[in-house]
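Below is one structure, written out as structure tokens, with a few remarks after it.
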Amino acid sequence: MHKPVVVIGLVGKVLDASGRRQDRWQRWRPTVSLCQQDDMVVHRFELLHHPGEAELARVVAADIGSVSPETQVRLHQLDVEDAWDFEVMYAGLFDFARSLPWQPDSEDVLVHITTGSHVAQICLFLLTEARELPGRLLQTSPRRDGRHDPRGSLSIIDLDLQRYDRIAARFGEQRERQLAFLKAGIDTQNPQFNKLIAEIEQVARASTAPLLLTGPTGAGKTVLARRIFALKQASRQLSGHFVEVNCATLRGDAAMSALFGHVRGAFTGALSAREGLLRQADRGLLFLDEIGELGRDEQAMLLRALEDQRFLPMGSDREVQSSFQLIAGSNRDLGERVRTGHFRDDLLARLSVWQFRLPGLAERREDIAPNLDWELDQVGRRRGQRVTMSREARERLLAFALSPQASWNHNFRDLSAAVQRMTTLAPGGRIREAEVVAEVARLRASWGTPLATVAPADVVDEVLGPAAAQLDRFDRVQLGDVLQVCRTQPTLSEAGRMLFDQSRQRKQSRNDADRLRKYLARFGLTFDGVTCRQSERILGGA
Numbered sequence: 074m075h076k077p078v079v080v081i082g083l084v085g086k087v088l089d090a091s092g093r094r095q096d097r098w099q100r101w102r103p104t105v106s107l108c109q110q111d112d113m114v115v116h117r118f119e120l121l122h123h124p125g126e127a128e129l130a131r132v133v134a135a136d137i138g139s140v141s142p143e144t145q146v147r148l149h150q151l152d153v154e155d156a157w158d159f160e161v162m163y164a165g166l167f168d169f170a171r172s173l174p175w176q177p178d179s180e181d182v183l184v185h186i187t188t189g190s191h192v193a194q195i196c197l198f199l200l201t202e203a204r205e206l207p208g209r210l211l212q213t214s215p216r217r218d219g220r221h222d223p224r225g226s227l228s229i230i231d232l233d234l235q236r237y238d239r240i241a242a243r244f245g246e247q248r249e250r251q252l253a254f255l256k257a258g259i260d261t262q263n264p265q266f267n268k269l270i271a272e273i274e275q276v277a278r279a280s281t282a283p284l285l286l287t288g289p290t291g292a293g294k295t296v297l298a299r300r301i302f303a304l305k306q307a308s309r310q311l312s313g314h315f316v317e318v319n320c321a322t323l324r325g326d327a328a329m330s331a332l333f334g335h336v337r338g339a340f341t342g343a344l345s346a347r348e349g350l351l352r353q354a355d356r357g358l359l360f361l362d363e364i365g366e367l368g369r370d371e372q373a374m375l376l377r378a379l380e381d382q383r384f385l386p387m388g389s390d391r392e393v394q395s396s397f398q399l400i401a402g403s404n405r406d407l408g409e410r411v412r413t414g415h416f417r418d419d420l421l422a423r424l425s426v427w428q429f430r431l432p433g434l435a436e437r438r439e440d441i442a443p444n445l446d447w448e449l450d451q452v453g454r455r456r457g458q459r460v461t462m463s464r465e466a467r468e469r470l471l472a473f474a475l476s477p478q479a480s481w482n483h484n485f486r487d488l489s490a491a492v493q494r495m496t497t498l499a500p501g502g503r504i505r506e507a508e509v510v511a512e513v514a515r516l517r518a519s520w521g522t523p524l525a526t527v528a529p530a531d532v533v534d535e536v537l538g539p540a541a542a543q544l545d546r547f548d549r550v551q552l553g554d555v556l557q558v559c560r561t562q563p564t565l566s567e568a569g570r571m572l573f574d575q576s577r578q579r580k581q582s583r584n585d586a587d588r589l590r591k592y593l594a595r596f597g598l599t600f601d602g603v604t605c606r607q608s609e610r611i612l613g614g615a
């Protein structure tokens with residue numbers, strides 16, 4: 074059994090108007106024609122009209138009564154002074170929607186959007202989408218086949234996009250593409266990072282408020298800021314340029330001039346006018362990295378520029394205007410900078426409407442492997458040749474990269490530099506185990522930390538497993554020290570030289586590698602097995 078049909082609509086000041094002319098029955102009039110359909114009976118029509126259209130509304134209601142006696146027409150005066158004022162129109166229709174006791178479970182509610190001003194039609198659409206008007210959209214039109222028929226035709230639009238699989242799939246695919254773009258196409262696995270990027274993408278699409286990106290140096294703040302700009306530019310939210318500066322490089326008058334510009338003669342040496350970065354970023358995006366390094370005077374002017382979109386260039390008595398999206402970056406704790414008096418709390422409040430902390434590489438080690446592949450691909454693109462790694466080289470590098478011994482002090486900058494060095498030294502563009510061993514040593518030296526950061530007893534347990542419990546304390550301590558040394562040296566020979574340095578100086582034989590090999594064999598171990606065991610354990614649990 075079909076539910077009773079209830080239609081909501083506005084009187085069309087032009088389309089429904091025909092006075093009492095007899096030929097009005099031969100004309101297509103949307104509101105009346107809606108009640109002349111053979112396959113749809115309108116049981117109730119909630120007909121809205123503006124104060125000056127009361128007489129027209131009564132004529133339309135009478136004509137509906139003539140063609141459809143079963144239709145109950147209820148007139149509602151919409152007290153809106155300006156039909157083209159969006160805010161006022163939406164408020165009036167919202168109040169109407171809230172005033173009636175809709176029963177969507179027992180009534181089929183249709184919202185007619187053919188008549189009324191364009192603003193009114195948009196407001197009806199939004200109220201229907203928000204379910205304030207619990208129904209479907211109804212559109213009517215004259216017949217398109219050229220035949221004269223005052224009834225015209227109608228179509229119903231259901232805004233429940235979940236019912237349209239292809240539309241829903243397209244929205245989902247577009248969202249995935251945008252997320253992948255923000256991640257540079259890298260298939261990141263860290264769930265916290267993926268959640269963070271999803272939130273940033275949502276904010277970038279919907280908000281023009283400043284974004285504050287925090288996190289350690291090298292975590293990718295600049296790269297992400299550039300990609301946010303490209304995303305907003307692609308969606309036509311920004312038409313200007315991407316302008317960036319590291320605030321740590323700005324000092325004194327140079328800082329004021331660089332950011333806000335100056336007029337000729339503003340200070341000694343100002344031989345010509347300068348536009349300034351804020352002006353260059355008009356209708357675009359300004360990225361201020363290390364914003365915590367700005368002086369307090371620059372902070373005050375930046376705050377005003379954010380709030381008023383106006384500022385004074387140095388030496389000028391005339392303000393200039395610039396509307397820009399701001400992304401600020403900092404590896405410092407700005408809250409602490411506020412407490413020590415180095416940063417304005419009102420500026421921090423303005424910046425931190427949206428604040429996101431990018432984790433360092435050591436905090437998302439499961440993303441090292443895909444980032445390694447990405448770096449290799451980037452080097453190959455720049456060189457115009459394919460760059461690869463042998464299986465053994467990749468496993469060895471990842472074993473070190475994923476271990477606690479790898480501190481990744483400079484985050485992705487360290488990883489990028491490591492890949493560049495290995496590919497430069499790799500013959501034929503194929504990185505072998507030898508290049509990895511040498512690079513691991515370079516990374517350890519650059520970080521200034523010893524290779525073995527695991528306690529000797531833990532190393533023994535890790536390498537021998539349950540068999541470690543069978544060792545005497547003497548053997549356990551000695552083996553633990555040997556294993557740590559093995560993990561600090563790139564080759565068996567270098568580890569042997571370190572372990573047997575004193576005795577080697579008193580003996581003719583210099584075969585330290587063989588001596589170490591035999592010692593490890595007593596416990597069923599090999600040098601490669603000791604240095605790669607951690608790789609197997611980490612990769613096996615991934």
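In short: position in the sequence shown from 1, add 73, done, that's my numbering.
Virtual Cβ for every residue (Gly too), placed ideally from N, Cα, C.
What does DSSP give as the partner residue(s) for residue i in the beta ladder?
i    : result
N623 : Absent from the structure is residue 623, since the part of the chain shown begins at 74 and ends at 615.
A117 : One point to set straight first is that residue 117 is Arg, not Ala, in the sequence displayed. According to DSSP, which records beta bridges pairwise, R117 is partnered with V79 and Q145.
W427 : L284
A401 : L285 and L361
R209 : L183
V393 : F384
M462 : I504
Q150 : H122
R347 : H335
Rounded to whole angstroms, what is the Cα-Cα separation between residue i and residue j?
i    : j    : result
V393 : L385 : 6 Å
S228 : L211 : 6 Å
F302 : L350 : 16 Å
S425 : C108 : 55 Å
S31  : L376 : Since the displayed the chain opens at 74 and closes at 615, residue 31 lies outside it and no answer follows.
V603 : G597 : 10 Å
L565 : S476 : 20 Å
V192 : G334 : 42 Å
F397 : R438 : 36 Å
L399 : E465 : 46 Å
R417 : A328 : 17 Å
L286 : R300 : 13 Å
Q176 : L151 : 22 Å
R250 : E274 : 11 Å
T290 : Y163 : 48 Å
G501 : E409 : 51 Å
E436 : L445 : 16 Å
Q493 : A253 : 24 Å
A373 : F485 : 33 Å
P215 : S139 : 21 Å
Q306 : K256 : 17 Å
Compare the beta carbon distance of residue i and residue j with 9 Å and say whether it is the shorter of the two.
i    : j    : result
F573 : R588 : yes
D89  : R224 : no
A490 : L498 : no
G625 : V153 : The requested residue 625 is not part of the displayed model; the chain covers only 74 to 615.
L516 : A479 : yes
F167 : H149 : no
W447 : I259 : yes
S330 : M387 : yes
R102 : V133 : yes
G325 : G293 : no
L379 : P283 : yes
A298 : L358 : yes
S280 : W98  : no
E272 : L323 : no
Under 8 Å: does the beta carbon of residue i sit that close to some heavy atom of the ligand ADP?
i    : result
G597 : With respect to the ligand ADP, the structure shown offers nothing to examine, as it has no ligands at all.
Tell me which same chain residues have a C-beta within less than 7 Å of the C-beta of residue i, skipping the five on either side of it?
i    : result
G453 : R459 and V460
I230 : R209, L210 and Q212
D155 : V161
L470 : V509
A130 : V84, L120, H122 and L148
Who are the near neighbours of residue i in its chain, counting only those whose CB is closer than 6 Å to its CB and skipping five residues on each side?
i    : result
M462 : I504
D181 : K76 and V78
V80  : V115, F118, L183 and H185
D487 : W481
I364 : C320, A401 and S403
Apart from the five residues on each side of it in sequence, which residues of its chain come closer than 8 Å, Cβ to Cβ, to residue i?
i    : result
E126 : V84 and K86
T295 : E317, F360, D362 and G402
F159 : V192, I195 and C196
- Query: Counting Cβ pairs, one atom from each stretch, are 3 or more of them under 8 Å apart for the stretch 343-359 and the stretch 314-322?
  - Reply: Look at the beta carbons and you see the stretch 343-359 touching the stretch 314-322: at least three pairs across the two are nearer than 8 Å.
_Taking contact to mean 3 or more Cβ pairs, one atom from each stretch, closer than 8 Å, check whether the stretch 431-439 and the stretch 249-263 are in contact._
Contact between the stretch 431-439 and the stretch 249-263 is established, with three or more Cβ pairs separated by less than 8 Å.
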